[in-house]
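Encoded as structure tokens, the structure appears first; notes follow it.
Protein chains in written order, with the numbering used here: chain A, 322 to 434; chain B, 48 to 161.
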């Protein structure tokens, strides 16, 4: 079955600390992987995506993610978190020939000053 | 260029009434999606339109929910005989439809059923 798992429902970090949000997927074909961010009261905004090539992808706002096929993972990282990064983060998977995505349940990030 | 727009931004209705939610996708995008996001929950897929193909309705939770897309552009999600459990944010997204394309989301319609 195709699915995305975000094991951490809620994460709290201090401003300036490093961040890693976990994402594991199950997909029957070559996956396309995405991270979206949703600020309170807003729609979803694309942070970054992986289609092929370099397994470490850079995104907006200083985020990066690494695709690890052997672990079926696509974890999101940021070396130093800012208070404005507090939001809900969604991992998603899709594939060739379709734009339809399967989303994880999200991780809510809280940042303390 | 304009992004995905949705209207209304907020809707309050009484239980049993019908509601219509509108989505204007990005011009030229052939794929359009509706999702539901209940309080504190993730994204629940509802329906997917791709070009002139029959829509993928596999996510619609009941026959009270329906959606149409006219002229390959604007879409309307209709909820008949609304129930309190229908209260949620309804998100629309569009994508180029070329396969592996990024979905672009609208700001959502917040529906409250009293």
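We treat Cβ as the ideally placed atom computed from N, Cα and C, and that holds for glycine.
Since the structure is predicted, the reported quantities are computational estimates derived from the model, not experimental observations.
| Item | Value |
| --- | --- |
| For residue 118 of chain B, which three-state DSSP category applies? | coil |
| Just by C-beta distance, which residues in the segment 86–99 of chain B are closer than 8 Å to chain A? | 88, 89, 90, 92, 95, 97 |
| Applying the 10 Å Cβ sphere with the 16-neighbour rule, what's the burial state of residue 399 of chain A? | buried |
| Between which two residues does the beta strand (DSSP E) holding residue 70 of chain B run? | 66–71 |
| DSSP state of residue 385 of chain A, grouped into three classes? | strand |
| So with Cβ pairs under 8 Å, would you call residue 380 of chain A a contact of chain B? | no |
| When the Cα atoms are used, what is the spatial distance from residue 100 of chain B to residue 410 of chain A? | 31 Å |
| Would you kindly work out how many angstroms separate the C-alpha atoms of residue 355 of chain A and residue 69 of chain B, rounded to a whole number? | 26 Å |
| Tell me whether residue 329 of chain A sits in a helix, a strand or coil according to DSSP, three-state version. | coil |
| Between residue 426 of chain A and chain B, is any beta-carbon pair separated by less than 8 Å? | yes |
| Is the beta carbon of residue 339 of chain A less than 8 Å from the beta carbon of residue 405 of chain A? | no |
| Could you tell me whether the Cβ of residue 149 of chain B comes closer than 8 Å to any Cβ of chain A? | yes |
| Could you tell me the boundaries of the beta strand (DSSP E) in which residue 379 of chain A lies? | 377–379 |
| What are the boundary residues of the beta strand (DSSP E) that includes residue 99 of chain B? | Residue 99 of chain B -> no beta strand (DSSP E), and no H or E assigned at all. |
| Rank B/127, B/128, B/103, B/110 by C-alpha distance to the C-alpha of residue 116 of chain B and give the top, closest one. | B/103 |
| Below 8 Å on the Cβ atoms is my contact criterion, and I expect residue 359 of chain A with residue 407 of chain A to pass it. Report the Cβ-Cβ distance as a whole number of Å. | Actually they are not in contact, since the Cβ atoms of residue 359 of chain A and residue 407 of chain A sit about 11 Å apart, beyond 8 Å. |
| Does DSSP classify residue 406 of chain A as helix, strand or coil? | helix |
| When the cut-off is 8 Å and only beta carbons count, does residue 411 of chain A lie next to chain B? | yes |
| Can you pull the chain B residues whose beta carbon is under 8 Å from the beta carbon of residue 377 of chain A, in chain order? | By Cβ distance, chain B contributes nothing, its closest Cβ being about 19 Å from residue 377 of chain A, past 8 Å. |
| Select from B/57, B/71, B/61, B/85 the residue whose C-alpha is nearest the C-alpha of residue 50 of chain B. | B/71 |
| Let me know if residue 225 of chain B comes out buried or exposed under the rule of 16 or more other beta-carbons within 10 Å of its beta-carbon. | This structure leaves residue 225 of chain B out entirely; chain B is present only between 48 and 161. |
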